[in-house]
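Written below as C-alpha cells is the structure these notes are about.
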Amino acid sequence: MGMIANLAPAGLTAGRDELGFREWTSARASNRIADYDLVILGGGCAGLSLAMRLAALGTRCPRTLVIEKRSSYTNDRTWCFWGESSKAVEHLIRQRWQRVTLRDGDRVVAVDCSAMPYQMITAEAFYEYALRVISESERIDLATGVVLASEPLKIGNEWRVATNQGLFSGAKVVDTRPPPPPQIGAATLWQSFYGCEIETECDIFEAGCAELMHFTPGPADQVNFNYVLPFSARRALVEATVFGVEPVGRGELEGELRDALHRRTRGVECRVLRTENGILPMGGTRPGKALDATYVKAGLSAGAGRASTGYAFQRIQRWADHCAEVLSHGGLPFDHPADPALLRALDYLFVSVIRSWPNAAPSLFLGLFEKTDTSRMIRFLSDAGTLADCAAVAAALPAGLFIREIPRAIGRKFGELAGRRGR
Ligand SMILES: Cc1cc2nc3c(=O)[nH]c(=O)nc-3n(C[C@H](O)[C@H](O)[C@H](O)COP(=O)(O)OP(=O)(O)OC[C@H]3O[C@@H](n4cnc5c(N)ncnc54)[C@H](O)[C@@H]3O)c2cc1C
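Just so it is clear: in the sequence shown, position 160 is 160 by our numbering, and no numbers are missing.
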C-alpha cells in the first residue's frame with residue numbers, strides 16, 4: 001500500500017468510515033514524493049469511471065492516484081442517456097422512461113421508446129458506488145480536497161504533479177479537469193440549463209413519460225425549452241434550457257426556471273429538494289492531440305460531449321471501459337475517439353442550422369422525432385447509428401434549409417479552427 005490511503009469523502013459520505021475508507025496521510029506531512037503508475041487529475045464522471053474500472057482489475061490494476069479538487073461529493077447532477085449502458089454502471093440506473101414527448105405550442109409529438117427507454121443515473125448513486133469500489137482497492141488512492149499548485153511537469157520518465165498537499169509523481173497522466181469557463185466563440189452553440197428537483201403536494205406527473213423538450217418563447221437568437229424528468233407522480237426534475245451563441249449563467253436562468261415550474265405545477269405547492277445547472281458545449285473544435293503520449297486529456301474538456309446534444313455520459317463510460325482494458329496490459333492511456341466523419345458533419349451542420357435559424361428549431365426537433373423510426377433515432381442519438389440510420393435522420397430534416405447552411409457552416413468551421421490555432 002502506498003503512502004496515501006483513500007480519503008473518506010465528506011458530504012455524501014458522512015459516517016462512511018464503516019465502508020472502509022482509511023485515514024489519508026498527505027505527502028506533505030511525510031515530506032516525500034509518492035510514486036504511481038498513473039495519476040488521474042479530476043475525480044468527477046470521467047476520473048471516477050476510469051478509476052472504478054481499474055479497481056475491478058485486482059492485482060492487474062496499475063498503482064493509481066486520483067487527485068480531486070472538491071472535498072465532498074453531493075448529488076450535483078443526473079445523467080440521462082439512450083441506448084445500451086456500459087455493464088459497469090448498468091445496475092445504477094434509477095429510472096427508465098418508456099415514453100418521451102416534445103411540445104411546441106399545441107403541437108405535441110409523443111414517442112413510444114419502450115424498446116429502448118430513456119434512462120437515468122443519479123450522481124449520488126454513481127459517486128457512492130465509485131467511491132466504495134475505489135476504497136476497496138489496495139492499489140488506488142483518492143485524494144480529495146487537493147488542488148494543483150502548477151501544471152504537471154515531465155522530468156525524465158515521470159510526471160511530477162505539485163499540489164497544495166505535496167508532490168506526486170506518475171508514469172502516466174489522465175487529465176479530466178474541466179474545460180476553461182465557457183465563453184462566446186469557444187463552441188458553436190452553448191447549452192445552458194438550470195433545474196430543480198421538486199416534490200409536489202398532490203399527484204401531477206406521469207412517471208413513465210419524460211418531457212424532452214417543451215419549447216417556450218424567448219429572445220430571437222436563442223432556443224428556449226423546458227425539460228421535465230418525472231421520478232414519481234409527485235417528484236420531478238424540472239429544467240429551463242437555452243441553446244444560444246452566448247453561455248447563460250444560472251442567475252440569468254432563474255426567471256426561466258420560475259416560469260417552467262409554474263407552467264408545470266400550475267400553482268400546486270411544491271418543495272425544492274435540490275438544484276443543478278450546467279453549460280455544455282455543442283459543436284466547436286476538439287482539443288489537439290497531446291504532445292506526449294503518456295499524458296492525455298479525457299472527459300468534457302477533451303471533447304467527450306456529442307456535438308449535437310452535449311451528452312457525454314455514455315461516451316465517457318465507453319472510453320473508460322476501453323482505456324482501463326488497455327492500461328491493464330501496460331498500454332498507454334488514450335483520449336476519446338473522434339466520431340466518424342459523416343456523423344461529425346451531420347452533427348455540425350445540425351448545430352449550425354440551429355444557430356443560424358433558432359426559430360426553426362422547434363419544428364426541426366419535433367419533425368425529427370415524428371418522421372424518423374424511433375429505433376433508428378435512438379441508435380443515432382446513442383452513437384450506435386448505422387449508415388441507414390444516419391440517412392433516415394437526414395431525410396427527416398428540411399433539405400433546403402440544410403443545403404443553404406452548408407457554405408456558412410464550412411466558413412464557420414474554418415473560423416473555429418483558426419480560432420483554436422490562435423488560442
Ligand atoms: C448538471 C449537469 C447535468 C448533466 N446531464 C447530463 C446528462 O443527462 N447526460 C449526459 O450525457 N451528460 C450530461 N452532462 C454532461 C457530462 O456528462 C457531465 O458534465 C460529466 O460530469 C462530465 O464528466 P467529466 O469527468 O468530464 O467532468 P466532471 O464530472 O465535472 O469532473 C471533473 C472533475 O475535476 C475536478 N476538478 C476541477 N478542477 C480541478 C483541479 N484543478 N484539480 C483536480 N480536480 C479538479 C472537479 O471537481 C470534478 O470532480 C451534464 C452535466 C451537468 C453539469
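No residue lacks a Cβ here, since even glycine has one placed at the ideal position from N, Cα and C.
How far does the alpha helix (DSSP H) with residue i in it reach, from first residue to last?
i: LEU50; result: 45 to 55
i: ASP371; result: It is worth fixing the name first, because residue 371 is Lys in this sequence and not Asp. Counting along the chain, the alpha helix (DSSP H) containing LYS371 begins and ends at 361 to 371.
i: GLU256; result: 254 to 265
i: ILE378; result: 374 to 381
Ends of the beta strand (DSSP E) at residue i?
i: MET282; result: 270 to 282
i: ILE134; result: It is not in any beta strand (DSSP E) - ILE134 instead sits in the alpha helix (DSSP H) that spans 123 to 135.
i: PHE205; result: No beta strand (DSSP E) contains PHE205, which DSSP labels as neither H nor E.
i: THR176; result: Where THR176 is concerned, there is no enclosing beta strand (DSSP E), given that its DSSP letter is neither H nor E.
When DSSP labels each residue in this structure, what does residue i get in the three-state scheme?
i: CYS390; result: helix
i: TYR118; result: strand
i: PRO426; result: This structure cannot settle anything about residue 426, because the visible part of the chain is limited to 1 through 423.
i: CYS323; result: helix
i: ASP104; result: strand
i: PHE334; result: coil
i: GLN314; result: helix
i: SER192; result: strand
i: GLU23; result: Because the pLDDT of GLU23 is 37, which lies under 50, any placement of that residue in the model is unreliable, and the number read from its coordinates should be weighed accordingly. In this structure, GLU23 counts as coil in the three-state DSSP scheme.
i: ARG28; result: Residue placement at ARG28 is flagged as unreliable, the pLDDT there being 43, under the threshold of 50; the coordinate-derived value follows with that caveat. It is helical.
i: ILE406; result: helix
i: ILE354; result: helix
i: GLY411; result: helix
i: HIS329; result: coil
i: THR59; result: helix
i: ALA293; result: coil
i: GLY166; result: strand
i: SER72; result: strand
i: LEU342; result: helix
i: ALA186; result: coil
Measuring alpha carbon to alpha carbon, tell me which residue in the options is nearest residue i.
i: ILE403; options: MET282, LEU349, LEU368; result: LEU349
i: ALA233; options: GLU68, PHE205, GLY249; result: PHE205
i: SER86; options: ARG53, ARG250, THR275; result: ARG53
i: TRP82; options: HIS91, MET116, ARG94, PHE126; result: MET116
i: GLY170; options: LEU38, HIS336, ALA320, ALA341; result: LEU38
i: GLU90; options: MET377, VAL393, LEU417, GLN317; result: GLN317
i: PHE334; options: SER375, ARG344, HIS322; result: HIS322
i: LEU167; options: PRO179, LYS289, ALA399, VAL147; result: VAL147
i: SER49; options: LYS289, LEU92, GLY283; result: LEU92
i: VAL393; options: ILE410, GLY411, LEU368; result: LEU368
Flag this pair as yes or no: are the beta carbons of residue i and residue j separated by less than 8 Å?
i: GLU405; j: VAL326; result: no
i: THR176; j: GLY47; result: yes
i: ILE140; j: ALA51; result: yes
i: ASP383; j: ARG315; result: yes
i: TYR194; j: ALA240; result: yes
i: ILE40; j: ALA143; result: no
i: PRO181; j: LEU300; result: no
i: VAL174; j: ALA298; result: yes
Check: Can you find at least 3 beta carbon pairs, one from the stretch 235 to 245 and one from the stretch 183 to 192, that sit closer than 8 Å?
Finding: yes
Note to self: Across the stretch 95 to 107 and the stretch 203 to 220, are there enough close Cβ pairs to call them in contact, namely three or more that are closer than 8 Å?
What the structure shows: yes
Next item on the list: Decide if the stretch 337 to 348 is in contact with the stretch 306 to 313; the criterion is three or more beta carbon pairs, one per stretch, under 8 Å apart.
Entry: yes
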